[in-house]
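Going line by line, the protein sequences match chains A and B. Just so we're aligned: the first sequence equals residues 1 to 267 in our numbering. Just so we're aligned: the second sequence equals residues 1001 to 1267 in our numbering. No residue lacks a Cβ here, since even glycine has one placed at the ideal position from N, Cα and C. Notes follow the structure.
Protein chains: 2
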Amino acid sequence: MLSREINRYRYFLEFAYNGKLYHGWQIQPNALTVQEELNNAFSTLLGEKINLVGAGRTDAGVHAAHFVAHMDLAAPVLDPAELVFKANRFIQGGIRIDAVREVASDFHARFSALSRTYHYIISRKKSAFLDDFSWSLSRDMNFDKICEASECLSSFTDFTSFARLHTDNKTNDCQVALASWKQYDDTWVFKVKADRFLRNMVRAMVGTLIDVGLGKISPDGFREIILAKDRSAAGQSAPAQGLFLTHVEYPKDGFQTSPRSPFFKFF
Amino acid sequence: MLSREINRYRYFLEFAYNGKLYHGWQIQPNALTVQEELNNAFSTLLGEKINLVGAGRTDAGVHAAHFVAHMDLAAPVLDPAELVFKANRFIQGGIRIDAVREVASDFHARFSALSRTYHYIISRKKSAFLDDFSWSLSRDMNFDKICEASECLSSFTDFTSFARLHTDNKTNDCQVALASWKQYDDTWVFKVKADRFLRNMVRAMVGTLIDVGLGKISPDGFREIILAKDRSAAGQSAPAQGLFLTHVEYPKDGFQTSPRSPFFKFF
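Structure follows, in structure tokens:
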């Protein structure tokens, strides 16, 4: 039995979106965002004003293969599968709703999340098809050095060097549980999992790791950049279109989720 | 030793393109086509006027994972790999040049081709990412009936029922070597290989096969449509964005090529 406030039913939504077609997750004036599109869809379908609360936010151009948000309703959803079906018909291209499930009313899409996982995709060969879904980088790079540099990430907690300046973060501490690279033929894939990420952190991390691959920075230099706790020490951000949020994880007894592949399911 | 006319060097190009970004292969006024883009690029890079001759033509929106064209040059290409590299830098997104190779001067991109292979991709679930690369069709369909209907394709030669009206084709005869369907989770993939294809033929074929899947036409009815030799008997064309030309095959001693996967290399 879920704990529930009277007349307040909390539902989690799981969905994917194409970052190319929206200006990020969070509502903003004069640009279509995923949050706005979903608020409109569910408000219409459910007949009450919906304000989704997301697990985080992604910047313009960043994709999500797995994103989670919650909404509070005055009445329960009688047929969640039907709501998913209708929502997918209602919402335009570039967003797919995967599930709608009730949770305890104190369970929160953002604050209850245990971890987020991102994948970053690098195309090592010009592609006719993947310009919107990867960073195309065919220059000579040393993959082993990139892997070597990445190994240190889980031993640090303060990622100020990969944070944006002038944010209202109380701390820049993140627990990185996993950071690894894999090669699939002409594609290099970076996977990183942490309890939280600072804005732009993965892109700054990848951009700096690419400088390691190009020989501009040594793996030791990469460690020193993190130790410097200074954003200006790091490299530039990798472009948004290579980045996919692929898993938001919650306590399993509250809301069990599964990791997704960044794009196709073949990874 | 290649047979060669004096001062005439024939080169075959292999390349891929994203049909979303170009109005098909063939040059036309007021719309950017792949042929125009490549003619411009190679004319500039080689310092002579290039007019590529393609293995066929694809309509607006249709993709090519493998396309072949030839060009005749007054001087030989000293470093084909360097030309490929420069062409990929010169040409904008959505086209990738894979190879430039010299052939005998009587070898022709269109007339020497032995076969063409197409793949058609159907997404059985709404996708956040594949709208430009598949036909999204989540309605109930009977996959086995589609397969059953497709089996007869290689026993027919006259495909007037899948041809456009009022073309200047001498015949509508095609030798279909292979026509089969495969399922990869939520993706259905049709593969068809023939010596030649009529314009719009694969899309009309797939559109009619989908009517079989939906139960509007029986597998026997599909045979009767082909026997009718009447385009109006068939179903409507499947949309362009699901179609990929994936292999143009030549006599191996003249120009050996390999089949490509339609989109990602995972098929």
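> Distance, Cα to Cα, residue 266 of chain A vs residue 184 of chain A?
Replying inline: Residue confidence is low: residue 266 of chain A scores 44 on pLDDT, short of 50, so the model does not pin down where it sits. No coordinate-derived value is stated.
>> Just checking: is the beta-carbon of residue 1191 of chain B within a distance shorter than 7 Å of some beta-carbon in chain A?
In response: So no, residue 1191 of chain B is outside the interface.
>> Quick check: residue 116 of chain A and residue 1128 of chain B, are their CB atoms within less than 7 Å of each other?
In response: At a Cβ-Cβ threshold of 7 Å, residue 116 of chain A and residue 1128 of chain B do not count as neighbours.
> Comparing the C-beta of residue 1039 of chain B with each C-beta of chain A, is any distance below 7 Å?
Replying inline: Taking 7 Å as the threshold, the shortest C-beta distance from residue 1039 of chain B to chain A does not fall below it.
> In chain A, what lies closer than 7 Å to residue 957 of chain B by C-beta?
Replying inline: Not covered by the structure: residue 957 of chain B. The range shown for chain B is 1001 to 1267.
>> Tell me the DSSP secondary structure of residue 1052 of chain B in three-state form.
In response: It is coil, neither helix nor strand.
> Mind checking whether residue 161 of chain A and residue 101 of chain A have CB atoms under 7 Å apart?
Replying inline: When the beta-carbon positions are compared, residue 161 of chain A and residue 101 of chain A stay at least 7 Å from each other.
> Okay, do the region 1170 to 1187 of chain B and the region 1140 to 1150 of chain B touch, 3+ Cβ pairs below 8 Å being the bar?
Replying inline: With a cut-off of 8 Å, the region 1140 to 1150 of chain B and the region 1170 to 1187 of chain B count as touching, because enough Cβ pairs lie within range.
> Could you give the distance in angstroms between the alpha-carbon of residue 238 of chain A and the alpha-carbon of residue 82 of chain A?
Replying inline: Cα to Cα, the separation comes out at about 39 Å.
> Within the 7 Å Cβ cut-off, does residue 24 of chain A reach chain B?
Replying inline: Answer no: the Cβ-Cβ gap between residue 24 of chain A and chain B never drops below 7 Å.
>> Contact criterion: CB-CB distance below 7 Å. Does residue 1267 of chain B meet it with respect to chain A?
In response: Residue placement at residue 1267 of chain B is poorly supported in this model, since its pLDDT is 37, which falls under 50; the coordinates are not used for a value here.
> Would you say residue 90 of chain A and residue 16 of chain A are within 7 Å of each other, going by their C-beta atoms?
Replying inline: No, the pair does not count as a contact, with Cβ atoms beyond the cut-off.
>> Counting only beta-carbon separations shorter than 7 Å, does residue 11 of chain A have a partner in chain B?
In response: Not closer than 7 Å to any Cβ of chain B, the Cβ of residue 11 of chain A fails to qualify, so no.
> Contact between the region 117 to 125 of chain A and the region 241 to 255 of chain A: three or more CB pairs below 8 Å?
Replying inline: A contact exists between the region 117 to 125 of chain A and the region 241 to 255 of chain A.
> Along chain C, in chain order, which residues have C-beta atoms closer than 7 Å to that of residue 1017 of chain B?
Replying inline: Considering every chain present, this structure includes no chain C. Its protein chains are A and B.
>> Using CA atoms only, rank isn't needed, just tell me which of A/203, A/48 and A/157 is closest to residue 235 of chain A.
In response: Ranking the options by Cα distance to residue 235 of chain A, first place goes to A/203.
> Which bits of chain B does residue 263 of chain A rub up against, with CB to CB less than 7 Å?
Replying inline: Those within 7 Å of residue 263 of chain A in chain B are 1129.
> Just curious, the beta strand (DSSP E) that residue 178 of chain A is in, first and last residue?
Replying inline: Its beta strand (DSSP E) spans residues 176 to 184.
> Rounded to whole angstroms, how far is the Cβ of residue 172 of chain A from the Cβ of residue 198 of chain A, which I believe are closer than 8 Å?
Replying inline: With a Cβ gap of about 6 Å, residue 172 of chain A and residue 198 of chain A count as contacting.
>> Using beta carbons (cut-off 7 Å, strictly below), is residue 1242 of chain B in contact with chain A?
In response: So no, residue 1242 of chain B is outside the interface.
>> Any beta carbon of chain B sitting closer than 7 Å to that of residue 200 of chain A?
In response: With 7 Å as the cut-off, residue 200 of chain A does not count as an interface residue toward chain B.
>> Under DSSP, the beta strand (DSSP E) around residue 233 of chain A begins and ends at which residues?
In response: Residue 233 of chain A -> no beta strand (DSSP E), and no H or E assigned at all.
> What runs of the beta strand (DSSP E), each 3 residues or longer, lie entirely inside the region 56 to 120 of chain A?
Replying inline: Runs found: 63 to 73 and 95 to 103.
>> Is it buried or exposed, residue 1028 of chain B, if we count other Cβ atoms within 10 angstroms and call 16 or more buried?
In response: So residue 1028 of chain B counts as exposed.
>> What are the residues in the region 1085 to 1118 of chain B lying within 7 Å of chain A by C-beta distance?
In response: Those residues of the region 1085 to 1118 of chain B placed with their C-beta closer than 7 Å to a C-beta in chain A are 1088, 1093, 1094, 1095 and 1096, ordered along the chain.
>> Rounded to the nearest angstrom, what separates residue 32 of chain A and residue 1215 of chain B at their Cα positions?
In response: One alpha carbon belongs to residue 32 of chain A, the other to residue 1215 of chain B, and they sit about 39 Å apart.
>> Between the alpha carbons of residue 78 of chain A and residue 43 of chain A, how many angstroms are there, rounded?
In response: Between residue 78 of chain A and residue 43 of chain A, the alpha-carbon positions lie close to 16 Å from each other.
>> The beta strand (DSSP E) that contains residue 193 of chain A, what's its start and end?
In response: 187 to 194 is the extent of the beta strand (DSSP E) around residue 193 of chain A.
> CB-CB under 6 Å to residue 1191 of chain B, same chain, minus the five flanking residues each way: which ones, in chain order?
Replying inline: Close CB contacts of residue 1191 of chain B within its chain, under the 6 Å cut and outside five residues either way in sequence, are with 1119 and 1180 (chain order).
> Mapping DSSP to helix, strand and coil, what is residue 1162 of chain B?
Replying inline: Three-state result, residue 1162 of chain B: helix.
> For residue 67 of chain A versus residue 255 of chain A, is the C-beta spacing smaller than 7 Å?
Replying inline: Taking 7 Å as the Cβ cut-off, residue 67 of chain A and residue 255 of chain A do not qualify as a contacting pair.
> When you compare only the Cα positions, how much space is there between residue 1049 of chain B and residue 263 of chain A?
Replying inline: Pairing residue 1049 of chain B with residue 263 of chain A, the inter-Cα distance amounts to about 41 Å.
> With respect to the beta strand (DSSP E) encompassing residue 249 of chain A, which residues constitute its N-terminal and C-terminal limits?
Replying inline: Where residue 249 of chain A is concerned, the enclosing beta strand (DSSP E) stretches over 243 to 249.
> Of all the options B/1167, B/1037, B/1112 and B/1065, which has the alpha carbon lying nearest to the alpha carbon of residue 1261 of chain B?
Replying inline: Cα-wise, what sits closest to residue 1261 of chain B is B/1065.
>> By the DSSP assignment, the beta strand (DSSP E) with residue 14 of chain A in it spans what residues?
In response: For residue 14 of chain A, the uninterrupted beta strand (DSSP E) segment begins and ends at 9 to 17.
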